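**Student:**
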Amino acid sequence: MRARTRLAIGAVGAVAGAALLTGCGGAGSSGTDAPKEGASGAGCAPVAGQQLIALQDDKKLQNSDNIIPAVNSKAANPQLIAALDKVSAALDTPKLIQLNKAVNEDRKTPKVAAEEFASANNVTAGIAKGPGGDIVVGAANFAESQILGELYRIALTAAGYQVKVQQIGNRELYEPALVKGEIQVVPEYAATMAEFLNTKDKGGTPPPVSSPDINTTVTALKAEGDKAGITFGAPAAAQDQNAFAVTQAFADKHGVRTLSEFAAKCSGSATVLGGPPECEQRPFCKPGLEKTYGLSVGRFSSLDQGGPLTKSGLRDGSISVGLIFSSDGAFATS
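What follows is the structure, encoded as C-alpha coordinates:
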(Lines of atoms letter the chains of each structure in order from A and count residues from 1; the text may use other names and numbers.)
(Lines give C-alpha, C1' and ligand atoms only; values in the text may rest on other atoms or scores of the structure.)
Protein backbone atom coordinates (compact mmCIF):
# COMPACT_ATOMS: atom_id res chain seq x y z
CA MET A 1 0.00 0.00 0.00
CA ARG A 2 1.32 3.44 -0.87
CA ALA A 3 2.06 5.26 2.36
CA ARG A 4 0.49 8.64 1.98
CA THR A 5 -1.36 11.03 4.23
CA ARG A 6 -4.47 11.78 2.25
CA LEU A 7 -8.04 12.88 2.77
CA ALA A 8 -8.96 9.33 1.82
CA ILE A 9 -12.02 7.97 3.57
CA GLY A 10 -12.01 10.14 6.68
CA ALA A 11 -14.35 13.02 7.28
CA VAL A 12 -12.49 16.17 6.28
CA GLY A 13 -11.00 17.91 9.26
CA ALA A 14 -8.85 16.29 11.92
CA VAL A 15 -5.14 16.04 11.28
CA ALA A 16 -3.04 15.13 14.25
CA GLY A 17 -4.29 11.74 15.36
CA ALA A 18 -5.77 10.75 12.04
CA ALA A 19 -2.50 11.46 10.26
CA LEU A 20 -1.33 8.06 11.37
CA LEU A 21 -3.96 6.47 9.14
CA THR A 22 -1.88 6.97 6.01
CA GLY A 23 -4.01 6.62 2.94
CA CYS A 24 -7.00 5.68 5.07
CA GLY A 25 -8.35 9.02 6.19
CA GLY A 26 -5.04 10.72 6.87
CA ALA A 27 -6.58 14.18 7.00
CA GLY A 28 -9.91 12.84 8.13
CA SER A 29 -11.88 12.72 11.34
CA SER A 30 -13.48 9.92 13.25
CA GLY A 31 -16.32 9.41 10.79
CA THR A 32 -19.92 8.53 11.52
CA ASP A 33 -21.85 5.93 13.41
CA ALA A 34 -21.35 2.37 12.25
CA PRO A 35 -23.81 1.46 9.49
CA LYS A 36 -26.32 -1.32 9.73
CA GLU A 37 -25.13 -4.82 8.90
CA GLY A 38 -26.54 -6.98 6.15
CA ALA A 39 -28.65 -6.12 3.16
CA SER A 40 -31.89 -7.14 1.54
CA GLY A 41 -32.05 -8.08 -2.13
CA ALA A 42 -30.01 -10.47 -4.22
CA GLY A 43 -27.00 -8.24 -4.86
CA CYS A 44 -24.15 -9.00 -7.26
CA ALA A 45 -21.61 -11.67 -6.42
CA PRO A 46 -17.95 -10.97 -7.24
CA VAL A 47 -16.70 -11.68 -10.77
CA ALA A 48 -13.01 -12.42 -11.13
CA GLY A 49 -10.92 -10.68 -13.78
CA GLN A 50 -7.60 -8.93 -14.27
CA GLN A 51 -8.68 -5.56 -15.69
CA LEU A 52 -10.10 -3.10 -13.15
CA ILE A 53 -12.29 -0.07 -13.86
CA ALA A 54 -13.42 2.76 -11.60
CA LEU A 55 -17.14 3.29 -11.26
CA GLN A 56 -18.04 6.90 -12.01
CA ASP A 57 -18.86 8.93 -8.88
CA ASP A 58 -21.84 10.51 -10.62
CA LYS A 59 -23.36 12.00 -7.45
CA LYS A 60 -20.05 13.52 -6.30
CA LEU A 61 -19.47 11.69 -3.05
CA GLN A 62 -15.75 12.53 -3.10
CA ASN A 63 -14.19 15.97 -2.87
CA SER A 64 -11.92 17.40 -5.61
CA ASP A 65 -8.40 16.11 -4.92
CA ASN A 66 -6.77 17.51 -8.05
CA ILE A 67 -2.99 17.68 -8.30
CA ILE A 68 -1.76 21.22 -7.54
CA PRO A 69 1.72 22.72 -6.99
CA ALA A 70 2.38 24.21 -3.55
CA VAL A 71 5.14 26.82 -3.27
CA ASN A 72 6.77 28.63 -0.36
CA SER A 73 5.39 32.14 -0.77
CA LYS A 74 8.80 33.82 -0.43
CA ALA A 75 10.15 31.69 -3.27
CA ALA A 76 7.13 32.19 -5.53
CA ASN A 77 7.46 34.42 -8.59
CA PRO A 78 5.50 34.56 -11.86
CA GLN A 79 8.04 32.56 -13.88
CA LEU A 80 8.31 29.79 -11.28
CA ILE A 81 4.54 29.46 -10.97
CA ALA A 82 4.13 29.51 -14.75
CA ALA A 83 6.64 26.67 -15.13
CA LEU A 84 4.80 24.54 -12.57
CA ASP A 85 1.50 25.35 -14.24
CA LYS A 86 2.88 23.82 -17.47
CA VAL A 87 2.99 20.49 -15.64
CA SER A 88 -0.58 20.95 -14.42
CA ALA A 89 -1.75 21.75 -17.95
CA ALA A 90 -0.21 18.51 -19.26
CA LEU A 91 -1.76 16.19 -16.70
CA ASP A 92 -5.17 14.54 -16.68
CA THR A 93 -6.22 11.44 -14.79
CA PRO A 94 -5.67 8.92 -17.63
CA LYS A 95 -2.12 10.24 -18.10
CA LEU A 96 -1.50 10.07 -14.34
CA ILE A 97 -2.70 6.46 -14.36
CA GLN A 98 -0.20 5.66 -17.11
CA LEU A 99 2.61 7.37 -15.19
CA ASN A 100 1.82 5.33 -12.09
CA LYS A 101 1.71 2.17 -14.19
CA ALA A 102 5.11 3.00 -15.66
CA VAL A 103 6.65 3.08 -12.17
CA ASN A 104 4.59 0.65 -10.11
CA GLU A 105 4.05 -2.06 -12.72
CA ASP A 106 6.58 -1.47 -15.53
CA ARG A 107 9.32 -0.77 -12.95
CA LYS A 108 10.68 2.42 -14.44
CA THR A 109 12.16 4.95 -12.05
CA PRO A 110 10.11 8.09 -11.31
CA LYS A 111 12.87 10.12 -13.01
CA VAL A 112 12.73 8.10 -16.23
CA ALA A 113 8.92 8.02 -16.31
CA ALA A 114 8.78 11.79 -15.80
CA GLU A 115 11.40 12.50 -18.48
CA GLU A 116 9.59 10.34 -21.02
CA PHE A 117 6.28 12.02 -20.22
CA ALA A 118 7.75 15.53 -20.38
CA SER A 119 9.27 14.81 -23.78
CA ALA A 120 6.11 13.23 -25.20
CA ASN A 121 3.89 16.06 -23.93
CA ASN A 122 6.16 19.06 -24.66
CA VAL A 123 6.09 20.13 -21.03
CA THR A 124 9.06 22.50 -21.36
CA ALA A 125 7.91 24.21 -24.56
CA GLY A 126 7.54 27.97 -24.09
CA ILE A 127 8.71 28.08 -20.48
CA ALA A 128 10.17 31.52 -19.71
CA LYS A 129 13.39 31.93 -17.74
CA GLY A 130 13.02 33.03 -14.14
CA PRO A 131 15.59 34.68 -11.85
CA GLY A 132 17.32 31.33 -11.26
CA GLY A 133 18.79 30.01 -8.05
CA ASP A 134 18.52 26.80 -6.07
CA ILE A 135 15.14 25.09 -5.66
CA VAL A 136 14.42 21.98 -3.58
CA VAL A 137 11.30 20.11 -4.63
CA GLY A 138 9.93 17.96 -1.83
CA ALA A 139 8.23 14.67 -2.57
CA ALA A 140 6.17 12.47 -0.29
CA ASN A 141 7.02 8.81 0.31
CA PHE A 142 5.02 7.22 -2.52
CA ALA A 143 5.71 6.84 -6.22
CA GLU A 144 3.12 9.26 -7.58
CA SER A 145 4.48 12.15 -5.53
CA GLN A 146 8.00 11.31 -6.63
CA ILE A 147 6.95 11.27 -10.29
CA LEU A 148 5.29 14.67 -9.88
CA GLY A 149 8.38 15.98 -8.11
CA GLU A 150 10.51 14.92 -11.08
CA LEU A 151 8.09 16.63 -13.49
CA TYR A 152 8.39 19.82 -11.45
CA ARG A 153 12.19 19.46 -11.58
CA ILE A 154 12.09 19.24 -15.37
CA ALA A 155 9.87 22.32 -15.74
CA LEU A 156 11.82 24.41 -13.24
CA THR A 157 15.15 23.43 -14.80
CA ALA A 158 13.80 24.71 -18.12
CA ALA A 159 12.97 27.97 -16.31
CA GLY A 160 16.64 28.36 -15.33
CA TYR A 161 16.67 27.00 -11.77
CA GLN A 162 19.11 24.56 -10.19
CA VAL A 163 16.70 21.92 -8.94
CA LYS A 164 16.99 18.96 -6.58
CA VAL A 165 14.17 16.55 -5.70
CA GLN A 166 14.24 15.44 -2.08
CA GLN A 167 12.00 12.75 -0.61
CA ILE A 168 10.64 14.14 2.66
CA GLY A 169 7.93 11.79 3.88
CA ASN A 170 4.35 12.53 4.80
CA ARG A 171 2.53 15.86 4.95
CA GLU A 172 3.19 16.32 8.67
CA LEU A 173 6.90 16.44 7.80
CA TYR A 174 6.99 18.29 4.50
CA GLU A 175 4.38 21.00 5.18
CA PRO A 176 6.43 22.63 8.00
CA ALA A 177 9.54 22.35 5.81
CA LEU A 178 7.67 24.12 3.00
CA VAL A 179 6.49 26.91 5.29
CA LYS A 180 10.03 27.41 6.66
CA GLY A 181 11.53 27.48 3.18
CA GLU A 182 13.64 24.36 3.73
CA ILE A 183 11.94 23.11 0.57
CA GLN A 184 10.39 25.48 -1.93
CA VAL A 185 7.95 23.36 -3.93
CA VAL A 186 5.88 20.23 -3.34
CA PRO A 187 3.13 18.48 -5.35
CA GLU A 188 -0.15 18.55 -3.43
CA TYR A 189 -3.78 17.41 -3.54
CA ALA A 190 -6.28 20.25 -3.45
CA ALA A 191 -9.03 19.00 -1.12
CA THR A 192 -6.68 17.15 1.22
CA MET A 193 -4.34 20.11 1.61
CA ALA A 194 -7.24 22.53 2.07
CA GLU A 195 -8.54 20.47 4.99
CA PHE A 196 -5.06 19.95 6.45
CA LEU A 197 -4.45 23.71 6.54
CA ASN A 198 -8.01 24.41 7.68
CA THR A 199 -7.59 22.12 10.67
CA LYS A 200 -4.07 23.30 11.44
CA ASP A 201 -5.32 26.90 11.48
CA LYS A 202 -8.50 26.37 13.48
CA GLY A 203 -7.80 23.22 15.49
CA GLY A 204 -10.31 20.54 16.42
CA THR A 205 -12.67 19.43 13.68
CA PRO A 206 -13.80 22.61 11.90
CA PRO A 207 -16.43 22.58 9.14
CA PRO A 208 -14.90 21.42 5.87
CA VAL A 209 -13.83 24.00 3.31
CA SER A 210 -13.30 21.66 0.33
CA SER A 211 -15.95 20.61 -2.13
CA PRO A 212 -16.57 18.28 -5.10
CA ASP A 213 -16.22 21.48 -7.19
CA ILE A 214 -12.54 22.17 -7.87
CA ASN A 215 -13.00 25.94 -8.17
CA THR A 216 -14.61 26.11 -4.73
CA THR A 217 -11.88 23.93 -3.29
CA VAL A 218 -9.04 25.95 -4.81
CA THR A 219 -10.54 29.23 -3.59
CA ALA A 220 -10.61 27.84 -0.06
CA LEU A 221 -7.15 26.32 -0.45
CA LYS A 222 -5.57 29.60 -1.55
CA ALA A 223 -7.19 31.45 1.36
CA GLU A 224 -5.75 28.90 3.79
CA GLY A 225 -2.40 29.05 2.00
CA ASP A 226 -2.22 32.83 2.35
CA LYS A 227 -2.41 32.43 6.13
CA ALA A 228 0.26 29.74 6.18
CA GLY A 229 2.72 31.33 3.75
CA ILE A 230 2.06 28.90 0.90
CA THR A 231 1.20 29.91 -2.67
CA PHE A 232 -0.59 27.53 -5.03
CA GLY A 233 -0.40 27.24 -8.79
CA ALA A 234 -3.11 26.03 -11.13
CA PRO A 235 -4.79 22.67 -10.46
CA ALA A 236 -4.32 19.89 -12.98
CA ALA A 237 -7.28 18.05 -14.44
CA ALA A 238 -5.65 14.96 -12.92
CA GLN A 239 -7.24 13.75 -9.71
CA ASP A 240 -6.12 11.18 -7.18
CA GLN A 241 -8.97 10.47 -4.83
CA ASN A 242 -11.05 7.57 -3.57
CA ALA A 243 -12.45 5.36 -6.31
CA PHE A 244 -14.68 2.32 -6.09
CA ALA A 245 -13.41 -0.32 -8.50
CA VAL A 246 -14.86 -3.47 -10.02
CA THR A 247 -13.45 -5.85 -12.58
CA GLN A 248 -14.22 -5.20 -16.22
CA ALA A 249 -15.86 -8.63 -16.28
CA PHE A 250 -18.13 -7.61 -13.37
CA ALA A 251 -19.07 -4.33 -15.07
CA ASP A 252 -19.86 -6.11 -18.34
CA LYS A 253 -21.90 -8.86 -16.68
CA HIS A 254 -24.06 -6.50 -14.64
CA GLY A 255 -24.08 -3.49 -16.97
CA VAL A 256 -22.72 -1.01 -14.46
CA ARG A 257 -20.43 1.96 -15.10
CA THR A 258 -21.54 4.41 -12.40
CA LEU A 259 -22.06 4.14 -8.67
CA SER A 260 -25.74 4.96 -9.20
CA GLU A 261 -26.10 1.98 -11.54
CA PHE A 262 -24.15 -0.20 -9.15
CA ALA A 263 -26.41 0.74 -6.22
CA ALA A 264 -29.58 0.22 -8.29
CA LYS A 265 -28.56 -3.19 -9.64
CA CYS A 266 -26.29 -4.62 -6.96
CA SER A 267 -27.67 -3.68 -3.56
CA GLY A 268 -28.18 -6.94 -1.73
CA SER A 269 -26.78 -9.89 0.14
CA ALA A 270 -24.38 -11.23 -2.52
CA THR A 271 -22.47 -7.96 -2.82
CA VAL A 272 -19.13 -7.79 -0.99
CA LEU A 273 -17.40 -4.44 -0.40
CA GLY A 274 -13.66 -4.47 0.29
CA GLY A 275 -11.46 -1.77 1.79
CA PRO A 276 -9.50 -0.75 4.87
CA PRO A 277 -11.02 -1.40 8.31
CA GLU A 278 -11.96 2.29 8.70
CA CYS A 279 -14.23 2.07 5.65
CA GLU A 280 -17.10 0.79 7.77
CA GLN A 281 -17.22 4.05 9.74
CA ARG A 282 -15.80 6.73 7.45
CA PRO A 283 -18.28 8.95 5.58
CA PHE A 284 -16.49 8.83 2.24
CA CYS A 285 -16.64 5.03 2.21
CA LYS A 286 -19.40 2.60 3.28
CA PRO A 287 -21.63 5.13 5.09
CA GLY A 288 -21.21 7.55 2.17
CA LEU A 289 -22.23 4.90 -0.33
CA GLU A 290 -25.28 4.17 1.79
CA LYS A 291 -26.28 7.81 2.28
CA THR A 292 -25.43 9.23 -1.16
CA TYR A 293 -26.26 6.25 -3.37
CA GLY A 294 -28.59 4.12 -1.26
CA LEU A 295 -26.24 1.15 -1.59
CA SER A 296 -26.58 -1.81 0.76
CA VAL A 297 -24.07 -4.66 0.78
CA GLY A 298 -24.27 -8.13 2.24
CA ARG A 299 -20.77 -8.17 3.67
CA PHE A 300 -17.74 -5.98 4.24
CA SER A 301 -14.25 -7.47 3.79
CA SER A 302 -11.51 -5.75 5.81
CA LEU A 303 -8.47 -5.41 3.51
CA ASP A 304 -6.40 -2.30 2.73
CA GLN A 305 -6.81 1.03 0.90
CA GLY A 306 -5.68 0.87 -2.67
CA GLY A 307 -3.17 -1.83 -1.89
CA PRO A 308 -2.46 -5.38 -3.06
CA LEU A 309 -5.08 -6.99 -0.82
CA THR A 310 -7.98 -5.03 -2.27
CA LYS A 311 -6.80 -5.38 -5.86
CA SER A 312 -6.19 -9.10 -5.39
CA GLY A 313 -9.65 -9.46 -3.85
CA LEU A 314 -11.20 -7.93 -6.94
CA ARG A 315 -9.13 -9.95 -9.38
CA ASP A 316 -9.62 -13.33 -7.68
CA GLY A 317 -13.36 -12.83 -7.16
CA SER A 318 -13.34 -12.42 -3.37
CA ILE A 319 -15.02 -9.00 -3.37
CA SER A 320 -17.52 -7.33 -5.69
CA VAL A 321 -16.25 -3.76 -5.33
CA GLY A 322 -13.18 -2.31 -3.64
CA LEU A 323 -11.79 1.05 -2.60
CA ILE A 324 -8.60 2.08 -4.41
CA PHE A 325 -7.16 5.38 -5.67
CA SER A 326 -8.51 6.88 -8.88
CA SER A 327 -5.03 7.28 -10.42
CA ASP A 328 -3.87 3.74 -9.69
CA GLY A 329 -1.91 2.10 -12.48
CA ALA A 330 -4.27 -0.89 -12.21
CA PHE A 331 -6.81 1.15 -14.19
CA ALA A 332 -4.46 1.36 -17.18
CA THR A 333 -5.78 -0.48 -20.23
CA SER A 334 -2.45 -0.93 -22.00
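FYI, in mature numbering (1 follows the signal peptide of the UniProt record, and there is no 0) the residues of the sequence shown are -18 to -1, 1 to 316. Glycine residues also receive a C-beta, built at the ideal position from the N, C-alpha and C atoms. Computed from a prediction, not measured in an experiment: that's the story for all the values here.
(1) Are Val118 and Gly131 closer than 7 Å when you measure CB to CB?
(2) Cα-Cα, which of Leu62, Pro259, Thr229 is closest to residue 342?
(3) Decide if the region 233 to 251 is in contact with the region 186 to 198; the criterion is three or more beta carbon pairs, one per stretch, under 8 Å apart.
(4) What residue from Thr274, Ala172, Gln128, Ser278 has the CA that sits closest to Lys90's CA?
(5) What three-state label does DSSP hand Gly20 in the structure shown?
(6) Please return the same chain residues whose Cβ sits closer than 7 Å to the Cβ of Asn123, not counting the five positions on each side in sequence.
(7) Pairs of beta-carbons, one from the region 216 to 223 and one from the region 56 to 71, closer than 8 Å: are there three or more?
(8) Beta-carbon within less than 8 Å of Ala24's beta-carbon, same chain only, minus the 5 sequence neighbours each way: which residues are those?
(9) Go ahead and pull the three-state DSSP assignment for Phe226.
(10) To test your reading of the DSSP string, which unbroken beta strand (DSSP E) runs of 3 or more residues are found completely within the region 115 to 181?
(11) For Gly256, which residues in the same chain have their Cβ closer than 6 Å to its Cβ, ignoring the five residues on either side in sequence?
(12) Quick one: complete alpha helix (DSSP H) runs, 4+ long, within the region 191 to 221?
(13) To the nearest angstrom, how far is the alpha carbon of Ala159 from that of Val167?
(14) Just how far apart, CA to CA, sit Ser11 and Gly186?
(15) Decide if Lys209 is buried, meaning its Cβ has at least 16 other Cβ atoms within 10 Å, or exposed.
**Tutor:** According to the structure data:
(1) Not in contact: Val118 and Gly131 (Cβ atoms no closer than 7 Å).
(2) The shown model of the chain, from -18 to 316, leaves out residue 342, and the question about it has no answer.
(3) No, the region 233 to 251 is not in contact with the region 186 to 198.
(4) Answer by Cα proximity: Gln128.
(5) Per-residue confidence for Gly20 stands at a pLDDT of 48, beneath the threshold of 50, marking its modelled position as unreliable; the derived number appears in the next sentence. Coil, per DSSP.
(6) Taking Asn123 as the centre and dropping the five residues before and after it, the same chain places the C-beta of Ala(-16), Gln149, Gly151, Asn152 closer than 7 Å to its C-beta, in chain order.
(7) Because the criterion of three Cβ pairs below 8 Å is met, the region 216 to 223 and the region 56 to 71 touch.
(8) Spatial neighbours of Ala24 in its own chain (CB-CB distance under 8 Å, excluding positions within 5 residues in sequence) are listed in chain order as Gly250, Ser251, Ala252.
(9) When secondary structure is reduced to three states using DSSP, Phe226 falls in the strand class.
(10) As summarised for the region 115 to 181, the continuous beta strand (DSSP E) elements at least 3 residues long and confined to that stretch are 115 to 121, 143 to 149, 167 to 171, given in chain order.
(11) Excluding its 5 nearest sequence neighbours in each direction, Gly256 has C-beta neighbours in its own chain below 6 Å: Ser283, Leu285, Thr292, Gly295, Ile301, Gly304, listed in chain order.
(12) Considered as a whole, the region 191 to 221 harbours 196 to 210 as its complete alpha helix (DSSP H) runs of no fewer than 4 residues, in chain order.
(13) Those two C-alpha atoms are separated by around 10 Å.
(14) Caution applies to Ser11, whose pLDDT of 29 falls short of 50 and renders its modelled position unreliable; the model cannot decide the point.
(15) Looking at its Cβ environment, which holds fewer than 16 other Cβ atoms inside 10 Å, Lys209 is exposed.
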